Amino acid sequence: MLEGKLGRLSYLHQEKSEFPVAEPRLARSQHIVPAKKVIGSDVIDANSEYLGVVEDLVVDAGAGRIVYAVLSFGGVIGRGDKCFAIPWSSFQFHLPEVCVVLNVDKKLLESAPGFHRGDWPDMTDSTWGTSIHKHYGLAPYGEDTTGDRR
Numbered sequence: 000m001l002e003g004k005l006g007r008l009s010y011l012h013q014e015k016s017e018f019p020v021a022e023p024r025l026a027r028s029q030h031i032v033p034a035k036k037v038i039g040s041d042v043i044d045a046n047s048e049y050l051g052v053v054e055d056l057v058v059d060a061g062a063g064r065i066v067y068a069v070l071s072f073g074g075v076i077g078r079g080d081k082c083f084a085i086p087w088s089s090f091q092f093h094l095p096e097v098c099v100v101l102n103v104d105k106k107l108l109e110s111a112p113g114f115h116r117g118d119w120p121d122m123t124d125s126t127w128g129t130s131i132h133k134h135y136g137l138a139p140y141g142e143d144t145t146g147d148r149r
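Going by numbering that gives the first Met the number 0, the first residue of the sequence shown is number 0, and it counts up by one from there.
In structure tokens, the structure reads:
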């Protein structure tokens with residue numbers, strides 16, 4: 000039994016060059032942030048115009064991917080705010096400024112299907128999900144080819 004454990008540990012002491020896959024992963028680690036740093040972040044457009052706040056993140060727990068960021072848009076002091084589930088691939092997170100950039104036109108956002116805070120849609124409904132992705136000009140979730148955008 001101990002002999003098997005020692006054999007498994009021996010690969011850890013091999014040269015780095017034998018594990019070339021590890022290098023690209025290290026470069027991406029600078030983009031790892033806690034969800035609480037994203038939730039509550041201001042959302043701006045490409046012209047730095049304020050759009051709203053990230054209210055929540057919707058995660059596909061089985062795939063380990065963020066599917067949507069829920070944006071609160073409009074209203075006064077959180078009352079009457081309309082929420083929008085926006086595909087995660089539409090956003091960029093800027094850590095130094097602690098803000099999120101939404102790469103869609105404000106008019107597209109204004110015409111997007113939204114919901115009220117207390118009345119969320121069934122985000123597991125594939126028909127609903129497909130309509131959201133298509134609204135933003137994206138392939139439906141699960142059919143996207145971005146692969147690594149999480």
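From the three backbone atoms N, C-alpha and C, an ideal C-beta is built for every residue, glycine too. Values in this document were obtained by computation on a predicted structure and should not be read as measured data.
What did DSSP end up calling residue i once you bin it into helix, strand or coil?
i             : result
leucine 70    : strand
leucine 137   : coil
glutamate 142 : coil
valine 37     : helix
glycine 172   : Since the first residue shown for the chain is 0 and the last is 149, residue 172 is missing from the structure and cannot be characterised.
glutamate 54  : strand
glycine 6     : Note that glycine 6 scores a pLDDT of 43, beneath 50, so its modelled location is shaky; the value from the coordinates is reported in the next line. Of the three classes helix, strand and coil, the one that applies to glycine 6 here is helix, per DSSP.
Is the separation between the beta-carbon of residue i and that of residue j shorter than 9 Å?
i                : j              : result
leucine 56       : valine 37      : yes
isoleucine 43    : valine 103     : no
phenylalanine 92 : histidine 132  : no
serine 40        : valine 97      : yes
tyrosine 140     : leucine 107    : no
alanine 62       : methionine 122 : no
arginine 64      : tryptophan 87  : yes
leucine 101      : serine 89      : yes
Which whole-angstrom value is the C-beta distance of residue i and residue j, which I expect to be below 8 Å?
i            : j           : result
serine 130   : proline 112 : 7 Å
aspartate 59 : valine 66   : 5 Å
Classify residue i: buried if its beta carbon has 16 or more other beta carbons within 10 angstroms, exposed otherwise.
i              : result
valine 69      : buried
tryptophan 119 : exposed
glycine 73     : exposed
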